[in-house]
Structure formats: structure tokens, C-alpha cells
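Q:
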Amino acid sequence: MSAVENEGEAALAADLAALLEERDPLRGREPPADITLRLDVLHGHGHSESDAIALRAIRRSAALHRRRLGVHGNEPPEGDAGALLAAGFPDRIALKRGTMDGAFRMASGQGARLSVADPLAKQTLLCVADLELKGTEARIRMAAPISRATLEGALPGALPHGGGRELRRTRGRPCWRANA
784 MSAVENEGEA
794 ALAADLAALL
804 EERDPLRGRE
814 PPADITLRLD
824 VLHGHGHSES
834 DAIALRAIRR
844 SAALHRRRLG
854 VHGNEPPEGD
864 AGALLAAGFP
874 DRIALKRGTM
884 DGAFRMASGQ
894 GARLSVADPL
904 AKQTLLCVAD
914 LELKGTEARI
924 RMAAPISRAT
934 LEGALPGALP
944 HGGGRELRRT
954 RGRPCWRANA
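Following the numbering used here, the numbering of the sequence shown begins with 784 at its first residue and continues without gaps.
1. Short check: CB of Leu802 to CB of Met925, under 9 Å?
2. I'd like to know whether the C-beta atoms of Ala895 and Glu920 end up nearer to each other than 9 Å.
3. State the start and end residues of the unbroken alpha helix (DSSP H) segment that holds Arg849.
4. So the beta strand (DSSP E) Ala1029 belongs to, where does it begin and stop?
5. Going residue by residue through the stretch 881 to 941, where are the continuous beta strand (DSSP E) segments of at least 3 residues, counting only ones entirely within it?
6. Looking at the structure shown, is Ala961 part of a helix, part of a strand, or coil, going by DSSP?
7. Which partner residues does Leu809 have in the DSSP bridge list?
8. Is the beta carbon of Ile923 closer than 9 Å to that of Ala877?
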């Protein structure tokens, strides 16, 4: 939560932390992975598959985090969830692999997948918030899209500029570098 620049971002960071601590508020066989849908549900925008008990627990947890961060009143969350998640979990920045929708490689080197039917499956970059480990690849349960420009602003040098892409570690920090 140290990447916040203002009270609105602190409110967003508190909400994200609460979502990661508590049970997923979206129910169903395979709910969409987009964490922004969960943020919307948290702030009163209905979803047919939301869990009221989980939402109450998330709201309590978010209120505690907001108090710890000094967020006053009902400050609305603002900012980019993907950028805050990337700052907190740089090893979970995921780059689309090849042309197949839903296949990603995280900066940690771990492969991760989304259902091809998931709206985030076509994104080039994600920051993964929650995973379910299954064999050699993980299933992405929650993630936020992030643009290349936003990622470069949050973590300069994290992505290559053109050419082939390969995950490497530089000074202990995961990043993508041009293929040798």
C-alpha cells in the first residue's frame, strides 16, 4: 500500500487489500477474473452472482484498512487497480503468450491461464491478484488489466521496447527483456 499518492488511491488500496483477504464476493462456476467487477460490487453496483455475506466481510475489512491508512469518511476509491497491484506484486505482472487468448507468463516465470471466454483473456498485460495453482500452470482467479504506459509509469524499465520478449530477472526484479 506504499505506492499510493493520494487519499483516493489509499481508499482503492484498502479495498483491494480487503478483496484479497476475504472470500471472493462473486459466485458461480467460473466468475470473470476482472477485479474491477468486484470493486464495483463492493460499492453497490449489483451483480447477479454476488455473495452478500462475503461483501459484508469485505466492507468491514476495507473500513479497517482505510482507518489504518488515514482515509477520512467515505472517500471514493480512485486510481488504477492494475498499477497498485503491479506495485505490490511485481512478480505477478502477466504478459500474453503468443497469439492464444487466455495464456499468460508472469514475471515470476510461472505460466497462468484464463478461460478464453473471460473478458480479460484478450488483454496483453494483466496484474494477477489471485491464483489457483494447478499443475504446471496456474488458473487466474482475479486480475486487473494494465496498459503498457501505466506499467512503465509505475515500474519504469519493467517492459521491453519492441523486438522479442522474454522474462528475465534484473537485480532481483522480474522484467521482460529482448530475446538474445
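For each residue, glycine too, the CB sits at the ideal point set by N, CA and C. Source: prediction; values computed, not measured.
A: Result, derived from the coordinates:
1. yes
2. yes
3. 835 to 852
4. Residue 1029 is absent from the model: the chain starts at 784 and stops at 963.
5. 886 to 889, 894 to 896, 908 to 917, 920 to 928
6. Below a pLDDT of 50, predicted positions are generally treated as unreliable, and Ala961, at 45, falls in that range; no measurement from the model is reported.
7. Ser833
8. yes
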